[in-house]
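Undergrad:
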Amino acid sequence: MAAIGPDAHWPLPVWRDASLLRDDSGELTLQQVAGLPARAEPGDAESGFHPIGTEKLHSPDMHTAWWLQLSLANRQNQTQRLRLVLSPYNFRQIDIYLQKPQGAWQHLHGGLASPLRHTALRSRLPSAALVLAPGESIRILTRVVTTQPHLIKPMLYTNDGYITHEVHMRGWDSLLFGGLLALGWSALMIALFSRSPAFLLLAIEAVLVAGYEAVRRGYGHLYLWPDSTQWSYRSLYVLGSLSLAVFLLFVLEVARQEKVRLPGRRWLIAFTVFELGMAVMGWVGNTIWCGRLPYLQRLYSRRAWCCSWWPWRAGASRRAG
Numbered sequence: 000m001a002a003i004g005p006d007a008h009w010p011l012p013v014w015r016d017a018s019l020l021r022d023d024s025g026e027l028t029l030q031q032v033a034g035l036p037a038r039a040e041p042g043d044a045e046s047g048f049h050p051i052g053t054e055k056l057h058s059p060d061m062h063t064a065w066w067l068q069l070s071l072a073n074r075q076n077q078t079q080r081l082r083l084v085l086s087p088y089n090f091r092q093i094d095i096y097l098q099k100p101q102g103a104w105q106h107l108h109g110g111l112a113s114p115l116r117h118t119a120l121r122s123r124l125p126s127a128a129l130v131l132a133p134g135e136s137i138r139i140l141t142r143v144v145t146t147q148p149h150l151i152k153p154m155l156y157t158n159d160g161y162i163t164h165e166v167h168m169r170g171w172d173s174l175l176f177g178g179l180l181a182l183g184w185s186a187l188m189i190a191l192f193s194r195s196p197a198f199l200l201l202a203i204e205a206v207l208v209a210g211y212e213a214v215r216r217g218y219g220h221l222y223l224w225p226d227s228t229q230w231s232y233r234s235l236y237v238l239g240s241l242s243l244a245v246f247l248l249f250v251l252e253v254a255r256q257e258k259v260r261l262p263g264r265r266w267l268i269a270f271t272v273f274e275l276g277m278a279v280m281g282w283v284g285n286t287i288w289c290g291r292l293p294y295l296q297r298l299y300s301r302r303a304w305c306c307s308w309w310p311w312r313a314g315a316s317r318r319a320g
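Quick note: the sequence shown, position 115, residue 114 per numbering that gives the first Met the number 0, numbers continuous.
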């Protein structure tokens, strides 16, 4: 149990007191999970909850669910208005159950796959508002389904601290989005006046990255498409794959304009086609497969980033010579 004492330093990293349970069948009910042991037996991770480590939540299919358990107790002499933030990014489906001693379970539903107007978690991040009187405790069980790997690290804020945190984050995010859109607009103007395909691709890339970051940080479901049950979570895969594909096209076009021979050019072209296929799969296909290929994408994207420096290096050497 995580105790909130008088000397608490906010925000509290309550993930150290939380535990996880993987439900491969996805059929465990709230009552069944609530009756499981608080800690698994040594050597048997399936007999109960186990402490949170560096394991990322990832549902290989839509049946697999993750349960998180956490208990909080207010050891202060005043009522605490709190906000529990479960992760820096949202999940496809999330159900939070709250229970105070001798009380009934309170259910909060949310996630990217649910229309915002039908959810109780109407915030950018997966979070729950809590009110604890002096000496009061609460038990929290959370069921999560996600096709995108997530490292869950619950943090506990005071309500005012959470508002301040969100104001700061939105300020930094606004700078990021503004810079990307300004880059895209500038590149578009240069492309129109110079008729340069490379700058046109750069403009498209800036817009795609801005959209991807907006979705990744929770603004898409909150502001852009709050009533969507498909695009809210599909857009992350589509925009992510498209942004990498357009970046590779930009590299290939710059190399062509600079008349530089890229190392592994055929691999870059093949990976561009692969990313375009991933974008189509994320749009109309099964996103489970999109979530199963992140490691292959990282391997090729690192190679692409290394190769992307070659046109500028070769071009600079040629101009210097």
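From the three backbone atoms N, C-alpha and C, an ideal C-beta is built for every residue, glycine too. Given the structure is predicted, the values throughout are model-derived calculations rather than measurements.
Between the C-alpha atoms of Ile268 and Gly276, what's the straight-line distance to the nearest angstrom?
TA: Rounded to the nearest angstrom, the two C-alpha atoms are 12 Å apart.
Undergrad: Which residue wins for smallest C-alpha separation from Thr141, given the options Trp266, Ala17, Gly210, Ala132?
TA: Closest by alpha carbon: Ala17.
Undergrad: Look up Pro196 in the DSSP assignment and say whether it is helix, strand or coil.
TA: Pro196 falls in the helix class under three-state DSSP.
Undergrad: Is the region 133-153 touching the region 88-102, taking contact as three or more C-beta pairs under 8 Å?
TA: yes
Undergrad: Sort Thr78, Ala244, Tyr161 by Cα distance to Leu131 and report the nearest one.
TA: Thr78
Undergrad: Which residues in the same chain as Leu35 place their Cβ atom closer than 6 Å to its Cβ, once the five residues preceding and following it in sequence are excluded?
TA: Gly47
Undergrad: With distances taken between CB atoms, is the gap from Leu11 to Leu150 smaller than 9 Å?
TA: Cβ distance not < 9 Å, so Leu11 and Leu150 don't count as in contact.
Undergrad: Give every residue of the same chain whose Cβ lies closer than 8 Å to the Cβ of Leu237, excluding the five residues on either side of it in the sequence, and list them in chain order.
TA: The question names Leu, but residue 237 in the sequence shown is Val. Contacts found: Ala278, Gly281, Trp282.
Undergrad: From Leu29 to Arg138, what does the alpha carbon distance come to, in whole angstroms?
TA: So the two alpha carbons sit approximately 12 Å from each other.
Undergrad: Is Met280 close to chain D, meaning its C-beta is less than 9 Å from at least one C-beta of that chain?
TA: Of the protein chains in the structure, only one exists, and it is not chain D.
Undergrad: DSSP on Arg82, reduced to helix/strand/coil?
TA: strand
Undergrad: Using a Cβ-Cβ cut-off of 7 Å (strictly less than) and excluding sequence neighbours within five positions of Ala119, which residues of its own chain qualify?
TA: Leu107, His108, Gly109
Undergrad: How long is the line joining the alpha carbons of Ala244 and Ser122, rounded to whole angstroms?
TA: 31 Å
Undergrad: Go ahead and label Ser220 buried or exposed: buried means 16 or more other beta carbons lie within 10 angstroms of its beta carbon, across all protein chains shown.
TA: Reading the sequence as shown, one finds His at residue 220 and not Ser. Classification of His220: buried, given that the 10 Å Cβ count is 16 or more.
Undergrad: Quick one: measure Cβ to Cβ for Leu199 and Ala190, integer angstroms, because I've assumed they're closer than 8 Å.
TA: 4 Å
Undergrad: The beta strand (DSSP E) with Gly109 in it runs from where to where?
TA: Secondary structure note for Gly109: its beta strand (DSSP E) is the uninterrupted segment 105-109.
Undergrad: What are the start and end residues of the alpha helix (DSSP H) that includes Arg233?
TA: 230-257
Undergrad: How close, in whole Å, do the beta carbons of Thr228 and Pro114 come, if the pair is a contact with beta carbons under 8 Å?
TA: 6 Å
Undergrad: From Tyr88 to Ser234, what distance separates their C-alpha atoms?
TA: 14 Å
Undergrad: Rounded to the nearest angstrom, what separates Leu111 and Ser231 at their Cα positions?
TA: Within the model, the alpha-carbon separation for Leu111 versus Ser231 is close to 6 Å.
Undergrad: In the structure shown, what three-state DSSP assignment does Ala2 receive?
TA: In this structure, Ala2 counts as strand in the three-state DSSP scheme.
Undergrad: Can you tell me the Cα-Cα spacing of Arg260 and Leu251, whole angstroms?
TA: Going by the C-alpha atoms only, they are around 10 Å apart.
Undergrad: Might you give, ordered along the chain, the residues of its own chain that have their beta carbon closer than 6 Å to the beta carbon of Pro41, omitting 5 neighbours on each side?
TA: Residue confidence for Pro41 is low, a pLDDT of 47 falling below 50, so the modelled location carries little weight and cannot support an answer.
Undergrad: DSSP state of Tyr294, grouped into three classes?
TA: With a pLDDT of 46 at Tyr294, under the threshold of 50, the modelled position of this residue cannot be trusted; read the value that follows with caution. Residue state, collapsed to three classes: helix.
Undergrad: Quick check: the Cα distance between Trp224 and Lys258, rounded to an integer number of angstroms?
TA: 43 Å
Undergrad: DSSP has Trp66 in a bridge; who is on the other side?
TA: Within the DSSP bridge table, the entry for Trp66 names Leu20, Arg142 as partners.
Undergrad: Do Leu399 and Leu85 have their C-beta atoms closer together than 9 Å?
TA: The structure shown does not extend to residue 399, since the chain is modelled only from 0 through 320, so no value can be given for it.
Undergrad: Compute the beta-carbon to beta-carbon distance between Ser70 and Ser136, rounded to the nearest angstrom, for a pair I have assumed lies under 8 Å.
TA: 6 Å
Undergrad: Compute the Euclidean distance between the alpha carbons of Val201 and Leu207, then round it to the nearest angstrom.
TA: Before going on, a small fix: residue 201 reads as Leu here, not Val. Their backbone Cα atoms lie some 10 Å apart in a straight line.
Undergrad: Give me the Cα-Cα distance between Leu129 and Phe273, rounded to the nearest whole angstrom.
TA: 45 Å
Undergrad: If you draw a straight line from the C-alpha of Ala103 to the C-alpha of Gln31, how long is it?
TA: The straight-line gap separating the alpha-carbon atoms of Ala103 and Gln31 is approximately 15 Å.
Undergrad: Runs of 3 residues minimum, wholly inside the region 116-196: which ones carry the beta strand (DSSP E) assignment?
TA: 126-131, 136-144, 154-157
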